[in-house]
Every structure is written in C-alpha cells, then in structure tokens.
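Comments concern the structure below.
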Amino acid sequence: MTGISDTLLLEDLHAQLCVHLSEVYKDHDLQALADRLIEALAPEQSSAPRPPQTKCDQDDVFLITYGNSIEREGEWPLATLDLFVDEHLQDTISGLHLLPFFPYSSDDGFAVINYLQ
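Here our numbering runs 20 ahead of the position in the sequence shown, where the first position is 1.
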C-alpha cells in the first residue's frame, strides 16, 4: 500500500470509530477518544492496522474474554487486561478476542438485557 492509501484507511477507521463511540460516549470528545483508541491499539504505527499476513491455523491459541474480566482499582479494565496479557500471556497466546460486556440476565453474559448500558 502507498502512504496515501494508508492515510485513507486511517481516516476511515477514525470515522468509523467515532460513529461507534458516539453510541456509548455521547457527552465526550469523540475525535479525541478515537485518537486515543487508535494510539492504544497500534502505538508504533502511524497508519491504520494492516490485515495479518497469515491466516490462523491449528497452532494458534486465542484468549476469549470479557474486556472487564480482570480489574484493578483506579485503572480502566481494558488497560488492566492489556497489562496482564503483556506480562503473562505474550508468549502463550496468538490473539485476543474480546466479548461484549453488557448487562445480562443469565447464560454468563450471552443473554443481554440492555445493549445500551
């Protein structure tokens, strides 16, 4: 990809993030939140993340978890999870799949009662 294509991908990603973030963070600066999210996801990149070069196979191990499964007082749950994965699982897992965390009634989070909270 060229630098122009990368810039367009980053702008598109930023715009899509703002749309999604507006559903949850109505009273916040969405542009700044999107900037922070992109920086947190790929701090070493100056462009949008590229698709992986290889596909998954039987040797890959994914951690499937809720974003708020591990909590530390005074810290955002996703930051805590990121730190935990970096410190304890970096050499163990191939990827991380975050499940949505909404209020639920049963079924360990799969019977969502409110997608807006």
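Glycine included, C-beta positions come from ideal geometry on N, C-alpha and C.
Asked                                                                                                                                                                 : Found
Report yes if the CB atom of LEU119 is closer than 8 Å to the CB atom of ILE84, and no otherwise.                                                                     : yes
So is LEU103 buried or exposed if we call it buried at 16+ other beta carbons inside 10 Å?                                                                            : exposed
In this structure, does DSSP put HIS117 in helix, strand or coil?                                                                                                     : strand
What are the partner residues of TYR86, as DSSP defines its beta bridges?                                                                                             : LEU119
Counting only the same chain and skipping the five closest in sequence on each side, list residues whose C-beta sits under 7 Å from that of GLU91.                    : PRO97, THR100
For ASP80, collect the residues of the same chain with a Cβ closer than 6 Å to its Cβ; drop the 5 residues on either side in sequence, then sort them by chain order. : SER114
Below 8 Å CB to CB, which residues in the same chain sit around VAL105 once its five sequence neighbours on both sides are set aside?                                 : LEU83, ILE113, LEU116
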